[in-house]
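For what it's worth, this note's numbering labels the leading residue of the sequence shown as 154, then goes sequentially.
See structure below.
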Amino acid sequence: MRLPESRAEASALDALDPLARMRDAFLLPDGLVYLDGNSLGPLCRTARDRVARVVSEEWGRDLVRSWTLHGWIDLPSRVAAALAPLLGARADEIAVGDSTSVDLFKLLSAALRLRPDRPAILTEEGSFPTDLYVAEGLASLLGGRAEVRTVPRQGLREALAADVAVLLLTHVDFRTGEMHDARALGEAAHAAGALVLWDLSHSAGAVEVDLGAWEADLAVGCGYKYLNGGPGAPAFAWVARRHHAALRSPLQGWLGHADPFAFDPAYAPALGVARLQCGTPPILSLAALEEGVRLVASAGIGPLREKSVALTDLFAGLVERDLAVHGVTIASPRDPERRGSQVSLRHPEGYAVVQALVERGVVGDFRPPDLLRYGFAPAYVRFVDVWDAVAALGDVLASRAWDRPDLKRRAKVT
Ligand SMILES: *Cc1c(COP(=O)(O)O)cnc(C)c1O
Numbered sequence: 154m155r156l157p158e159s160r161a162e163a164s165a166l167d168a169l170d171p172l173a174r175m176r177d178a179f180l181l182p183d184g185l186v187y188l189d190g191n192s193l194g195p196l197c198r199t200a201r202d203r204v205a206r207v208v209s210e211e212w213g214r215d216l217v218r219s220w221t222l223h224g225w226i227d228l229p230s231r232v233a234a235a236l237a238p239l240l241g242a243r244a245d246e247i248a249v250g251d252s253t254s255v256d257l258f259k260l261l262s263a264a265l266r267l268r269p270d271r272p273a274i275l276t277e278e279g280s281f282p283t284d285l286y287v288a289e290g291l292a293s294l295l296g297g298r299a300e301v302r303t304v305p306r307q308g309l310r311e312a313l314a315a316d317v318a319v320l321l322l323t324h325v326d327f328r329t330g331e332m333h334d335a336r337a338l339g340e341a342a343h344a345a346g347a348l349v350l351w352d353l354s355h356s357a358g359a360v361e362v363d364l365g366a367w368e369a370d371l372a373v374g375c376g377y378k379y380l381n382g383g384p385g386a387p388a389f390a391w392v393a394r395r396h397h398a399a400l401r402s403p404l405q406g407w408l409g410h411a412d413p414f415a416f417d418p419a420y421a422p423a424l425g426v427a428r429l430q431c432g433t434p435p436i437l438s439l440a441a442l443e444e445g446v447r448l449v450a451s452a453g454i455g456p457l458r459e460k461s462v463a464l465t466d467l468f469a470g471l472v473e474r475d476l477a478v479h480g481v482t483i484a485s486p487r488d489p490e491r492r493g494s495q496v497s498l499r500h501p502e503g504y505a506v507v508q509a510l511v512e513r514g515v516v517g518d519f520r521p522p523d524l525l526r527y528g529f530a531p532a533y534v535r536f537v538d539v540w541d542a543v544a545a546l547g548d549v550l551a552s553r554a555w556d557r558p559d560l561k562r563r564a565k566v567t
């Protein structure tokens, strides 16, 4: 890509963008450059209207009849159906509900049962902490019948020993945006007799995911990032159909029963992934998530990914050209094939720099030790936003605007 020389040239790229109109579907504050959709996706108009309707007309007026009248009881499976094309999955392989952390617990436990003679969960050192914590918690619950083996990224293949039940990996690294070769790693896991479980939190809605073609076994992912489901949106759990018959959830709740309203004292699992549902689904959150997912799915992942690559290439190119003098380096892969929809930068005062930029209306986030993390959600980020972000960053670095005690004081959420 030839790098633009001016803001007008960056704007011209938006004029050629087939997805440009999609931004109007979101309620983004004027003048804000929002590069944190990988942490919390913005509100879309249809989600705002839908939630208002569900609150006032469905909950407010029709009350408990809404479970039937407005199809609340089938809402998790409707969201699953909307999500399926974004994951290369079948609708009946996806259960929507709970958080990513809870879904991980369910699927890791299921994986250990599917490989009962193998005690090890293999994962990498840089995994998202919740993945490590949940795996450790499960192993300690199982009292020594399971163990977590954490190795550096480069050592994963050699660590696929005969006692590994499941290889648990985050597809797109939350710090650097580096993307695993899912197909190759899945093949390696299978060759060693292990299952593979993908955490797709930074992938769903941002990069091409083809669970079927990858021959993956299990997956989980987040609803509030690139799927724009809203704060604390339900997550998803995916299980390949070939594992459904033997699938067991460790959280046997009444709504995962084959016939919940029979109120049978004996547990009998529902067919397929429906047994992963535990308790009553959060209808307000699911309504918002359904709208967010529908919107992203309507664009199709092909065009979204194409634009995402162009946005991240532009950002990385401008940073290299214009900001190298300020000591900023790029922590993400330069090869788009190996990169998700984010670009992370390194600066020793990363936290304060991110805060100084937020003050100027460019929102990203900070991840320790020194990463400035910028996500480029192709559904609403413009090429001119990339230009403005790099210009603001250059300004903050040149003027040392970050060098203020109040900007260095860490908030609870970074
Ligand atoms: C955001 C994220 C999660 C979120 O987990 P929750 O339980 O839904 O809060 C999990 N895994 C990864 C890799 C993430 O990036």
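Just so it is clear, CB atoms sit at the ideal spot from N, CA and C, and this is done for glycine as well.
Beta-bridge pairing of residue i - partner residues as DSSP gives them
i, result
"M175", "For M175, which the question treats as bridged, DSSP gives no partner whatsoever."
"Q495", "G528"
"T482", "R499"
"T276", "T303"
"R520", "L524"
"I247", "W391"
"Y187", "V516"
Residue from the options with nearest C-alpha to residue i
i, options, result
"P521", "T329, L442 and H396", "T329"
"P305", "G296, V317, G279 and V506", "G279"
"S192", "V360, G445, V446 and G517", "G517"
"E311", "E331, E277, S293 and Y286", "E277"
"R562", "Y527, V506 and A545", "V506"
"D245", "S451, G425, R474 and E502", "G425"
"S356", "G528, A564, A173 and L546", "G528"
"V208", "A292, L439 and A366", "L439"
"A393", "T323, G365, G382 and R268", "G365"
"L322", "T303, A315 and D316", "T303"
"T482", "F258, H333, L525 and A273", "L525"
"A273", "T283, P282 and E289", "E289"
"A299", "V319, K378 and A388", "V319"
"F178", "A165, G194 and L546", "Per the sequence presented here, residue 178 reads as Ala, with Phe not at that position. Ranking A165, G194 and L546 by Cα distance to A178 puts G194 first."
"H410", "A427, H397 and P403", "A427"
"V511", "R535, R491 and D541", "D541"
Separation of residue j from residue i, as counted between CA atoms
i, j, result
"R395", "L185", "46 Å"
"R243", "A237", "6 Å"
"G514", "A344", "49 Å"
"A235", "V446", "6 Å"
"G453", "R557", "44 Å"
"A233", "G339", "23 Å"
"T221", "E211", "11 Å"
"D488", "V496", "11 Å"
"A554", "P384", "31 Å"
"L239", "V449", "9 Å"
"V372", "L285", "One detail in the question is off: residue 372 reads as Ala in this sequence, not Val. Whole-angstrom Cα-Cα distance: 15 Å."
"G480", "S552", "14 Å"
"R499", "L309", "26 Å"
"L294", "D363", "33 Å"
"P434", "P229", "7 Å"
"D523", "E331", "16 Å"
"L550", "P182", "25 Å"
"W225", "R206", "13 Å"
"L188", "Y420", "46 Å"
"L180", "L196", "6 Å"
"L313", "Q307", "12 Å"
"I361", "V301", "As written in the sequence, residue 361 is Glu, which differs from the Ile given in the question. The straight-line gap from Cα to Cα measures roughly 29 Å."
"V255", "L216", "29 Å"
"D270", "A399", "15 Å"
"G190", "L408", "32 Å"
"A248", "V478", "49 Å"
"A173", "G376", "23 Å"
"S485", "A441", "32 Å"
"D326", "G250", "23 Å"
"W391", "G374", "9 Å"
"V317", "K259", "18 Å"
"P171", "L380", "20 Å"
"V566", "A168", "36 Å"
"S461", "V537", "14 Å"
"L476", "L166", "21 Å"
| said: Below 8 Å, how does it come out for the region 263-272 and the region 344-361: are there three or more Cβ pairs, yes or no? | reply: The answer is yes - the region 344-361 touches the region 263-272, with three or more Cβ pairs under 8 Å.
Run through the region 301-382 for me and flag every whole alpha helix (DSSP H) of 4 or more residues, listed as ranges in chain order.
335-344 and 364-367
What are the complete beta strand (DSSP E) segments, minimum 3 residues, inside the region 385-438?
389-392
What are the complete alpha helix (DSSP H) segments, minimum 4 residues, inside the region 434-466?
-> With a minimum length of 4 residues, the continuous alpha helix (DSSP H) runs that stay inside the region 434-466 are 436-452.
**Prompt:** If we count Cβ pairs, one from each stretch, closer than 8 Å, do we get three or more for the region 414-421 versus the region 201-217?
**Reply:** no
Would the region 529-538 count as touching the region 457-464 if we require 3 or more Cβ pairs under 8 Å? yes
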